[in-house]
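Residue numbers (UniProt numbering): 1 to 452. We put the CB at the ideal spot given by N, CA and C, even for glycine. Being a predicted model, the structure only gives us computed values, none of them experimental.
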Amino acid sequence: MSFISDTEAEALGALLSRRAMLGATAAGGLLATPLSAFAQAAASGPGDAEITVDQARQAPIPIVIPSFGAGLGEQISGVISSDLESTGLFKIMGGTVPSGSTPDFAALKAQGARAAVAGSAVGSGSVRVEMRLWNVVAGQQLQGTAYTASNANWRRIAHIIADVIYERMLGEKGYFDTRIAYISRTGPRRHQITRLALMDQDGANQRMLTTGQWLTLTPRFNPVRDQIAFMSYANNRPRVYLFDLGSGRQQILGEFDGISFAPRFAPNGGSVVLSATRGGGSDIYVVDLGSRAKHQITNSGGAIDTSPCFSPDGSQIVFNSDRGGSPQLYIMSASGGAARRISYGSGQYGSPVWSPRGDLIAFTRIGGGGFSLGVMNPDGTGERILTQGFTVESPTFCPNGRVLAFCRQSASRAGGAGFASGIGTIDITGFNERPLRTATGASDPAWSPLNG
């Protein structure tokens, strides 16, 4: 039997408008340095501006983030601080940084700061947030940007600013302006109500997308559309559905003689790879979202092929199969054909997911009386276990490939007492494991791409 995971709306508000004000003194004097100085600071190298992620893991970056003003301004700076602190790569410091003039770099250096943020938030009905990021060591401004949106979208502004700070300080894109789809779980252990749910990556703005009438599992984001694929037992027939986040409309994805499950989108968002039962096994199919044409790419011969996931360039698929006698990981061309095994550790492997950067495959492994969550290179070398537990499964990468979200469940005692199911996050090095707050029990996390 192959290893299958235990756990196997509403539109967003108005889009933000962003405006980079590089040297535009007429726009409120946000930048104190001309564009040429900005470019010089941006190219100054790791010694003055960028710090590698590995360096920040060893010594988190001390950064001063003051309040952006009373009320909403204070909430915005609070979310920025929380985002950055959650990575384990930044040390948030209090202090005062003027929003309209050059900071006192000597005082900030004496405080031990390496970077400082200045900002303000003004307006009613709509809010305008201005932010400047300063390299304290070099005495230079790294970024100056203004954002305007409705008050209801203030959290998005905060997440976007945190992304900017992350990128300017570490040299790679942030992941804070994202969402996580998951399965909400309520009720007794053996009779849980499951709902498709959605939240911001920090646990804010949680909302339920389905009613809980039917068992619901394995949500997956479309990388280019506001759409989620998931498995539902609607009308007691388990199949893959598509959920449109703008309209709330649900539709069945493809008609199969048996059960369809374990969906994932192609990197271009134009097709879905999934598993479908056939006889005593299951095979992998690719379904085109435009024509709904189905293309079978494995012929299991009674084995169970499941949990397929495209590589970031769309050329390959990693999947789980028991064709060799025990559940292991295999890679094949996205068009099908011969598959090569890549997992050779002790235990059974499942739930593979390819990093957006293409450098790693995350997986769950069962062995030694428990679950492990790990990563390996796409050729199967370099296997590393990140965390272990009674059940740790359903890994999903954030958009920059640095962090995994996953499900952690505890053992239950008689009558289901003591059972808990929640979502955690962990760095790909095994650093900085944290629980993620959800309104109910939770499983099956799926990290979105960066919001548009």
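DSSP state of residue i mapped onto helix, strand, coil
i	result
L436	strand
N205	coil
A334	coil
V273	strand
H191	coil
R132	strand
A32	Note that A32 has pLDDT 22, beneath the 50 cutoff, so the model's placement of it is unreliable and the number below is only indicative. A32: coil per DSSP, three-state reduction.
A162	helix
A70	coil
G416	helix
K173	coil
N268	coil
F431	coil
A303	coil
W214	coil
I361	strand
N222	coil
D313	coil
F105	helix
V137	coil
N235	helix
I228	strand
R155	helix
Alpha carbon of residue i to alpha carbon of residue j, nearest angstrom
i	j	result
S355	F419	30 angstroms
G174	E167	6 angstroms
L289	G171	36 angstroms
I317	M332	6 angstroms
R323	I304	7 angstroms
A181	T210	12 angstroms
R365	S326	12 angstroms
N299	E50	49 angstroms
V353	E433	19 angstroms
R413	Y344	33 angstroms
V375	V240	27 angstroms
G246	F221	13 angstroms
T438	A446	14 angstroms
Q75	P312	36 angstroms
R225	S335	23 angstroms
S275	L329	15 angstroms
Close-in-space but distant-in-sequence residues of the same chain around residue i (CB under 8 angstroms, 5 per side omitted)
i	result
V53	L89, L170, E172 and R402
T216	I183, T194, R195, L196, T210, F230, M231, S232 and Y233
R128	A121, V122, A146, Y147 and T148
Contact set for residue i: own chain, Cβ-Cβ below 7 angstroms, skip 5 residues either direction
i	result
A162	I80, D83, L84, G174 and F176
A185	It should be noted that the sequence gives Arg, not Ala, for residue 185. Here the set comprises Q192, T194, S421, T440, G441, A442 and S443.
P435	G422 and G424
residue 502	As shown, the chain starts at 1 and ends at 452. That puts residue 502 outside it, with no answer to give.
Close-in-space but distant-in-sequence residues of the same chain around residue i (CB under 6 angstroms, 5 per side omitted)
i	result
G281	S300, G302, A303 and I304
A43	Summary for A43: the model assigns pLDDT 34, below 50, so the residue's position carries little reliability; its value from the coordinates is reported in the next sentence. Answer for A43: no residue qualifies.
S372	R365, I385 and Q388
W214	S232, Y233 and A234
F105	V136 and G139
A411	F390
Check whether the stretch 439-449 and the stretch 415-431 are in contact - that is, three or more C-beta pairs closer than 8 angstroms. yes
Taking one C-beta from the stretch 392-402 and one from the stretch 327-347 each time, how about it: are there three or more such pairs within less than 8 angstroms? no
Closer than 8 angstroms is the cut-off here; do at least three beta carbon pairs connect the stretch 89-109 with the stretch 145-154? no
Does the stretch 55-69 come within contact of the stretch 398-416, defined as at least 3 CB pairs closer than 8 angstroms? no
Every unbroken beta strand (DSSP E) within the stretch 374-400, with a cutoff of 3 residues, ordered by chain: 384-389 and 391-397
Only counting runs of 3 or more residues, tell me where the beta strand (DSSP E) segments fall wholly within the stretch 69-100, in order along the chain. 90-93
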